[in-house]
Every structure is written in C-alpha cells, then in structure tokens.
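Report on the following structure.
Residue numbers (my numbering), protein chains in the order written: chain A, 1 to 189; chain B, 1 to 189.
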C-alpha cells in the first residue's frame, strides 16, 4: 500500500533497530482519511471470506478495526486488557507479552460475542514477534469460531511473528512489510 | 437520539443503580452502523464550530472519535493511560479517577499534537462524575488550545459531572441523558 509506505517514510521515527514510531497517524494521533483507506484495502482483501466479525485488541487496533468494519458492515469486538466492573461475565482469556511495555498481560473477550458460527478477521496495527496476534488467535480457537485471516497494517518482517504464523498455515495480509530499520533507514520488502 | 435510546433499552444491562453496561454495542462489541449514526449526529451538532481535532481517551472513546472524525474530516488524538517506549516525548499530563476500576490513573497527550491554534471537540462514551472529561479539559487548557465543546454518548444525569461542567460554562452535547436507573428501570430525561 503505497500511501502507507509514503507516510511511514515521511513521519515514522526510528527509535532503535526494533522500534518504529508512527504516533502522528496510527498510534496516538489518528489520520482518519488514511485509516479509511486502510479499511477499504482490508475490505478488498477479505470481501469474499464471509467475515461475520472483526476482532482486535485495545487500544491501537480499535481505529483500524472500526474503519474496516465500517466498509465490511460487520461488528467489531476488541479484546480488553483488564476486567473492570463493566466486564464481569464469563470470558475467553489469553496471555500476551508486550515488548514495548516489557511485561505480560492478560486479554479478555466475553463469551457472549464469539461463537462457533463466527468467521473472524483479526486486525492489528503491528505484527512483530506475533505475541498479540497469538493471543487473539488463541481466543478465536477457544471460542470455536473460524479464523479467516489476519490483517496487519505494518509487519516488521525482520522479526519472527509473520514467519511463524504463516508456517502454521494462517493467512496474514500485511499492508506493508518492513525488512529492516537499521541505521535509521526503513527498507520495505 | 431515539436509535440510541432504543438500543440502551433493548441491550443495556443495569448492574446496580450507578452502573449501566452497554457492552454489546459500545464498550466491547462495537456496532459500527450505530457508531456511524453517532458520528453523524456529533457532526451535525458541531459542524459550524471550526473543529480542528477530536480528543478522546483510550479505549472506549476511540471508536466514537473515529466515526465522528470520519464525517468531520479532522484527525483524532486519543489520550493514553500509560507511557510506553512508543510515547517517550514531552507530554501534557492529567489525573483521572476511574470509578469502574476504582483507582487513579494518569493520562498523557504528546505536546506535538495539540497547539494553541487547535479548536478541540472532546468526545467520550459516558459522562458520570466527569472525571475523564475533566482530565481531558485540563489537557486542552495546558496546551493553550480552544475547547469548543464536549460530545457525550450517554450522560448519567443522576451523577454530578454534567451539572458541574455546564456550571463552568462548558458546552456539553449528550446524545442521551439518563435520569435514573433505579430498580433496573432506565428513565431518560
């Protein structure tokens, strides 16, 4: 997706050889016109897969999921990172390691909103080691729903997540794949 | 907003006299068609206010902000509840008390994305005691931006937030106001 590559080159900042910040349009400030184009692109790639729901994880996945769901005309479910007084019913749970926050956390999805009749598209902002995606995949499995595929905005191709998930036969659609960000230079696949 | 009242009556669950759960369409599963109508309604109410950015707070505000921003053609900024490796620059901070999680937390907005030239619309899912809204208002003030108004999906009119904020001269547009949820009955204003 050329538009996205261009924005990453123009506004992305490289913190070190593993961390790319895209806070100006994807992770803190949100460029809704770009997100709309991202949603249209995911729709194009998954429109023949009879998706019934889009699953993501709070917080950075929500905007992407919303704009994709708007075009695909299905609901979104976002996995929660904590159980509050507002989420006390029976939940599917999984464990996720956050490399940016350097700790494990649990994610939760209420059993009410996923069933064996669902055909799920997972979307997220980044795919690096695949920890968040694996947690969401685990929750889809536990629910008995079918996982149609995973839509990723930015895949870090130099980390192992994409390779490992594809080797399990999963369909991963990444809008851009970055092969390296060494010495501050972003190299796309 | 009749459509929203209807959904609250059909699907909202009353946990006690203060807690209304709307997890099936607003806080965990997201009904994007409804959110689209919410976005259109906020646009209608604020379209003559020269809004430059929509400010909200992760996570439940993001979907509302996105669908509003989509129609108003402005960017969203969502305040973060923690500082990760991806948000290490200079931030505006404020303190918010969460009644659902029963603890104080800090919220952060990077100084890069709010300036004295901005004309801000704050949006959020609920207005109860006004703690989250006050934190966001505090951040807008610290940035020197102008606050045009606050768009709320569900105001709990029996709690003090709306009254206190309006008494300060702030413009609050709530799509529905609930006057009481005693004995499991939801009474709209």
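Don't be surprised by glycine CBs; every beta carbon is placed ideally from N, CA and C.
Just so we're clear, the structure is a prediction, and the values are computed from it rather than from any experiment.
| Item | Value |
| --- | --- |
| Minimum Cβ-Cβ distance from residue 32 (chain B) to chain A less than 7 Å | yes |
| Terminal residues of the alpha helix (DSSP H) in which residue 167 (chain A) lies | 161-167 |
| Closest by C-alpha distance to residue 151 (chain B), when choosing among B:17, B:65, B:163 and B:113 | B:65 |
| Integer-rounded CB distance, given that residue 107 (chain A) should sit under 8 Å from residue 123 (chain A) | Wrong, their Cβ atoms sit about 15 Å apart, outside the cutoff. |
| Nearest-angstrom Cα separation, counted from residue 10 (chain A) out to residue 35 (chain B) | 31 Å |
| Cα-Cα separation between residue 40 (chain A) and residue 67 (chain A), rounded to whole angstroms | 8 Å |
| CB contact flag (residue 147 (chain B), residue 46 (chain B), <7 Å) | no |
| Residues from the stretch 70-85 of chain B in contact with chain A, defined by Cβ distance under 8 Å | 70, 73, 74, 75, 76, 77, 78, 80, 82, 84 and 85 |
| Extent of the continuous alpha helix (DSSP H) run through residue 46 (chain A) | 32-46 |
| Residue 62 (chain A) to residue 69 (chain A) span [Cα, whole Å] | 10 Å |
| At least three beta-carbon pairs within less than 8 Å, the stretch 153-171 of chain A to the stretch 129-136 of chain A | yes |
| Contact check, residue 60 (chain A) vs residue 37 (chain A), beta carbons under 7 Å | no |
| Cutoff 7 Å: residue 91 (chain A) Cβ touching any chain B Cβ | no |
| Under the three-state DSSP convention, the category residue 138 (chain A) falls into | helix |
| Assigned exposure category for residue 23 (chain A) - 16 Cβ within 10 Å defines buried | buried |
| Length at least 3, wholly inside the stretch 42-114 of chain B: the beta strand (DSSP E) runs in chain order | 53-57, 76-79, 91-98 and 103-110 |
| At least three beta-carbon pairs within less than 8 Å, the stretch 164-180 of chain B to the stretch 178-189 of chain A | no |
| Residues bridged to residue 119 (chain A) [DSSP beta-bridge criterion] | A:146 |
| Contacts around residue 91 (chain A), its chain only, beta-carbon distance under 8 Å, and the 5 residues preceding and following it disregarded | 83, 108, 109, 110 and 111 |
| Closer than 7 Å to chain A by CB, residue 122 (chain B) | no |
| The stretch 110-144 of chain A: positions lying closer than 8 Å to chain B by Cβ | 110, 112 and 113 |
| Residue-level contact to chain B via CB, residue 29 (chain A), 7 Å cutoff | yes |
| Members of the stretch 39-58 of chain B that neighbour chain A once the beta carbon cut-off is set at 7 Å | 58 |
| Between the CA atoms of residue 140 (chain B) and residue 155 (chain A) - distance to the nearest angstrom | 34 Å |
| Contacting residues, own chain, Cβ-Cβ under 7 Å from residue 5 (chain A) (five flanking each side not counted) | 176 and 188 |
| Residue 137 (chain B) vs residue 29 (chain A) beta-carbon contact at 7 Å | no |
| Rounded C-alpha distance that separates residue 56 (chain A) from residue 178 (chain B) | 30 Å |
| Under 9 Å by beta carbon: chain B residues contacting residue 107 (chain A) | Within chain B, no residue comes near residue 107 (chain A); the closest Cβ sits about 12 Å away, beyond 9 Å. |
| Residue 15 (chain B) - DSSP class collapsed to helix/strand/coil | coil |
| Whole-angstrom C-beta distance between residue 75 (chain B) and residue 125 (chain A), which should lie under 8 Å | About 16 Å; that fails the 8 Å criterion. |
| Separation of residue 173 (chain A) from residue 119 (chain A), as counted between CA atoms | 16 Å |
| CA-to-CA distance, residue 116 (chain A) to residue 113 (chain B), given in whole angstroms | 43 Å |
| In DSSP terms, what residue 2 (chain A) is bridged to | Answer is none; residue 2 (chain A) lacks a bridge partner. |
| Option nearest residue 42 (chain B) by Cα separation, candidates B:7, B:14, B:103 and B:1 | B:1 |
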